[in-house]
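Engineer: Submitted below is the structure of interest, expressed as structure tokens.
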Amino acid sequence: MSQPAGAAGSVPDRSWFERPVLDVAADLLGSHLTHRTPEGTVTLRLTEVEAYGGADDPGSHAARGVTVRNRSMALAGGHLYAYRHLGLHTCLNVVTGPVGEPSAVLLRGAEVVDGSGLALARRTERGVVREERDLARGPARLAVALGAGVDHDGTDLLDAAEGLELRVSPDRGSGAWTSGGEVRRGPRVGVSGAGGDGALFPWRLWLADEPTVSAYRAVSSRRR
DNA sequence: GGTACGATTGTCT
DNA sequence: GACAATCGTACCT
Numbered sequence: 015m016s017q018p019a020g021a022a023g024s025v026p027d028r029s030w031f032e033r034p035v036l037d038v039a040a041d042l043l044g045s046h047l048t049h050r051t052p053e054g055t056v057t058l059r060l061t062e063v064e065a066y067g068g069a070d071d072p073g074s075h076a077a078r079g080v081t082v083r084n085r086s087m088a089l090a091g092g093h094l095y096a097y098r099h100l101g102l103h104t105c106l107n108v109v110t111g112p113v114g115e116p117s118a119v120l121l122r123g124a125e126v127v128d129g130s131g132l133a134l135a136r137r138t139e140r141g142v143v144r145e146e147r148d149l150a151r152g153p154a155r156l157a158v159a160l161g162a163g164v165d166h167d168g169t170d171l172l173d174a175a176e177g178l179e180l181r182v183s184p185d186r187g188s189g190a191w192t193s194g195g196e197v198r199r200g201p202r203v204g205v206s207g208a209g210g211d212g213a214l215f216p217w218r219l220w221l222a223d224e225p226t227v228s229a230y231r232a233v234s235s236r237r238r
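Residues 15 to 238 in the numbering used here are what the first sequence lists, from first letter to last.
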């Protein structure tokens with residue numbers, strides 16, 4: 015398959031991922047994530063992410079240290095941390111920081127810029143897709159559209175043989191967007207516990223005016 | 001060994 | 001707007 019003209023961005027190196035998690039999160043917005051499989055290729059443009067730190071972040075999986083589930087968070091930056099939530103859904107994270115310092119960026123929303131037919135087919139298998147913007151709006155939907163699951167946990171994005179490739183948006187300058195919408199910041203979605211009110215950790219980042227950004231939902235109090 | 005709960009989503013009212 | 005689905009992990013006894 016030939017590279018489309020004007021293919022967005024460049025492939026970052028390891029040091030790009032080993033920066034502070036908030037810096038990486040901000041720079042991931044607008045970046046393109048491609049997954050090549052035998053059935054086809056899907057490329058996403060990331061529009062919404064959330065940053066999660068280590069022991070200092072009470073909302074993070076790593077708040078109580080590295081465990082079997084979150085061990086991928088402590089890998090070198092540039093790896094993928096994928097986990098199953100509620101036994102139903104898969105959520106994808108890009109690991110940041112150096113080895114042994116768990117932190118990651120949760121991919122919450124994206125626009126399908128290539129392979130929308132394949133993404134739609136994958137999503138339709140799991141339910142009804144009402145609008146095209148819903149293809150990858152929400153972390154679990156994003157994972158389905160991309161064709162990634164928990165078996166991609168620990169995958170290295172810098173290893174081309176894995177079929178996953180990240181390209182940083184060419185619009186990214188030194189920390190500020192010049193086009194394509196501005197970066198907004200707010201409390202993280204659905205995080206319960208000490209980090210739930212978002213006052214201390216407004217680490218959800220998204221691009222303003224993007225229809226693929228998921229709606230904010232406060233922590234719901236549900237009976238069991 | 002047992003139990004509570006979660007970085008969600010889809011459906012029903 | 002509210003709730004059920006569903007299961008692996010963490011924590012407690």
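Even for Gly, the Cβ is constructed at its ideal location relative to N, Cα and C.
Could you name the residues of the same chain whose beta carbon sits closer than 7 Å to that of Arg-137, not counting the 5 residues immediately before and after it, in chain order?
Structural biologist: Closer than 7 Å at Cβ, skipping near neighbours: Val-143, Leu-149, Arg-155, Val-158 and Ala-159.
Engineer: Would you kindly work out how many angstroms separate the C-alpha atoms of Ala-229 and Leu-219, rounded to a whole number?
Structural biologist: 13 Å
Engineer: Express the C-alpha separation of Ala-232 and Gly-217 in angstroms, rounding to a whole number.
Structural biologist: Residue 217 is actually Trp in this sequence, not Gly. Whole-angstrom Cα-Cα distance: 15 Å.
Engineer: Which residue comes first and which comes last in the alpha helix (DSSP H) that contains Thr-138?
Structural biologist: 130-140
Engineer: Ignore the nearest five residues each way along the sequence and tell me which others in Thr-51's own chain have a CB closer than 8 Å to its CB.
Structural biologist: Hits under 8 Å: Gly-161 and Gly-177.
Engineer: Hey, Glu-179 and Thr-61 are a contact pair by Cβ (cut 8 Å); roughly how many whole angstroms apart?
Structural biologist: That pair is no contact at about 18 Å.
Engineer: Out of Arg-59, Ala-40 and Asp-41, point me to the one whose CA is closest to Thr-48's CA.
Structural biologist: Arg-59
Engineer: Among all the DSSP beta bridges, which residues are the ones paired with Glu-179?
Structural biologist: Thr-48
Engineer: Please determine, among Gly-168, Gly-73 and Val-197, the residue with the shortest C-alpha to C-alpha distance to Ala-213.
Structural biologist: Taking each of Gly-168, Gly-73 and Val-197 in turn and checking the Cα distance to Ala-213, the smallest one comes out for Gly-73.
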